[in-house]
Structures are given as structure tokens and as C-alpha cells.
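Enquirer: Just so we're aligned, residue 1 is where the sequence shown starts under UniProt numbering, counting upward by one.
Glycine included, C-beta positions come from ideal geometry on N, C-alpha and C.
As the structure is a prediction and not an experimental result, all values here were calculated from the model.
Input: one structure, supplied below.
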Amino acid sequence: MAVSHSDYRKEQITSMRPAKRIENLPPYMFTRIDQLLEKKQQEGADIINLGIGDPDRPTPEHIVEALCQAAHDPANQRYPSYYGLKRLRDTISLWFEKRFGVALHPDREILPTIGSKEGLAHVSWALINEGDWALLPNPAYTVYKTSVILAGGRPYDLPLLEENDFLVDFDSVDARTARRARLLYFNYPNNPTSAVADGAFFERAIQFAKDYDLVLCHDCAYSEIT
């Protein structure tokens, strides 16, 4: 029996299957929210979107102009250093010292990434082995959980409850679970609860991480808007 080229291509397309690690991912929350918003807009609802931080105003002209000028500079038309520009790392180090009183070595303790989302995901890929646990606040930015799953790890939820002022309750984590974990994520000022953590909380978090040999990843995205 003759098989047409189109039948062959259809068979190829339908037989393609994603890797199991992709099948294990939960639905992306922001996509689902966009779908719900679009449905409501189609129904005629007037939506005031207080969700994702996506400004609806144009980028200031002087910023656009600076980007254009930088794009014309031949020095910016080549692959950059894998460690990021030295002057950028030096500036980041100075900012941390001025803002938080923390001394970071620009060559050993600072690594620029394309964006915070990339950095947050790569932390899991760099530290999590197959079967390792990671402690994650819930609710939280979805990248924490998806990156752990893609790295072959097991996410373990730490509920953020109103009675705890939406702070991670380290005393609720049993020792057996903590010893199995490799990584601890959290985010303060917090999204989505808006909770703010004080110095005592961070001291407790650092001690908890030391006690169980955890890497602590603090997603400090909102420190400048509180």
C-alpha cells in the first residue's frame, strides 16, 4: 500500500512525545491567569489588572536612546565575558555594601545573569541532584517549583499562613525533611502576600540553613519598593 508524504509527516508529528520531566510540570500560573483575563474581556468585562508587574506605559525616551547608542557601539557587538563585565560586578559590589552593609567579592561572589528568572532557575540546576528535596514557600513565584522539578528534585511546600504573618515557619519543618533538602527558597518582601520580614527572621533562616547544610536562595526582588 502506498503511503503519501503527508501521511508520513502526520505520523512523525503525532508520535513526538515530550520528556517526562516536562510532563511532570504543573500548569504555568501566569498563562492560566492570562486565559481567564482574556475570557472576561471577551465577555465585555472592564478589567483593572493588578497582577503581574508589566508596565502599561512606554519606556522613558532617554532609556530607549541610551540602549540605541549602546547597540551602535562595536564593543557591545561581541560575546561578553562569561562572568559579566568587571565594572558591572564592581558596581554591584559597591551597591550591596552601601545598601545592606555587606561586603561581596566582585570576582568570587557576584555572577550577573540575563534576568532574575534565569538566575532563580539556574540555582536549582546547579545544586539539585536527582531526588534531592527543595523547600519552597507556598504560595510563591512559580519558577521555584518548576526549576526544581526540571532539575529532577522534589519540591516540599512550606505554607505561608496568616497566623504566622505569612512568614516561613521553620519550626514546622521536621528534622528528617530538612536533612533531605538541599535548597531553601524564599522571597521577602513577599509576592503575593506583601509580607515583610525583619532582621530576626533572616537570622533564624540563616541558622536553619546552617543547621541542615542548606543553600538559602533569597529572591529579593522587591527590596527597593517597600
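#1: Is D198 close to chain B, meaning its C-beta is less than 8 Å from at least one C-beta of that chain?
#2: Let me check understanding here. Comparing Cα to Cα, which of T142, P106, E163 and A200 lies closest to K117?
#3: With a threshold of 16 other CB atoms inside 10 Å of the CB of N129, please say whether the residue is buried or exposed.
#4: Given a threshold of 16 other Cβ atoms within 10 Å of its Cβ, counted over all protein chains shown, does V123 qualify as buried or as exposed?
#5: Would you call the region 156 to 167 and the region 193 to 205 in contact, with 3 or more CB pairs under 8 Å?
#6: Using the Cβ count rule (16 or more neighbours within 10 Å means buried), how would you classify G153?
#7: On the premise that D107 lies in contact with N138, defined as a C-beta separation below 8 Å, what is that separation, rounded to the nearest angstrom?
#8: Three-state secondary structure (DSSP) at Y185?
#9: Distance, Cα to Cα, L150 vs L127?
#10: Can you say whether T91 is buried or exposed, counting buried as having 16 or more other CB atoms within 10 angstroms of its CB?
#11: With a CB to CB cut of under 6 Å and the five nearest residues on each side skipped, what residues in its chain are close to W133?
#12: Just mark K98 as buried or exposed, buried being the case when its beta carbon has 16 or more other beta carbons within 10 Å.
Expert: Answer, in terms of the structure:
#1: Absence of chain B from the displayed structure is noted, only one protein chain being present.
#2: Residue mapping note: residue 117 aligns to position 117 of the sequence shown, counting from 1. Nearest of T142, P106, E163 and A200 to K117, Cα basis: T142.
#3: For the purposes of this step, residue 129 is identified with residue 129 of the sequence shown, where counting begins at 1. Looking at its Cβ environment, which holds fewer than 16 other Cβ atoms inside 10 Å, N129 is exposed.
#4: Numbered from its first residue, the sequence shown carries residue 123 at position 123. Label assigned to V123: buried.
#5: yes
#6: Counted from its first residue, the sequence shown places residue 153 at position 153. When all chains shown are included, G153 counts as buried.
#7: Position 138 of the sequence shown, counted from the start, is the residue given in the question as residue 138. Position 107 of the sequence shown, counted from the start, is the residue given in the question as residue 107. No, N138 and D107 are not in contact; Cβ-Cβ is about 36 Å, not under 8 Å.
#8: Stepping through the sequence shown from its first residue, residue 185 is reached at position 185. Of the three classes helix, strand and coil, the one that applies to Y185 here is strand, per DSSP.
#9: Along the sequence shown, one-based indexing puts residue 150 at 150. Along the sequence shown, one-based indexing puts residue 127 at 127. About 12 Å.
#10: Counting from one through the sequence shown, the residue named residue 91 turns up at place 91. Label assigned to T91: exposed.
#11: Sequence index remark: in the sequence shown, residue 133 carries index 133 (1-based). Within the same chain, W133 has close Cβ partners R154, Y156, R180 and A181.
#12: Sequence index remark: in the sequence shown, residue 98 carries index 98 (1-based). Exposed, because fewer than 16 other Cβ atoms sit within 10 Å of the Cβ of K98.
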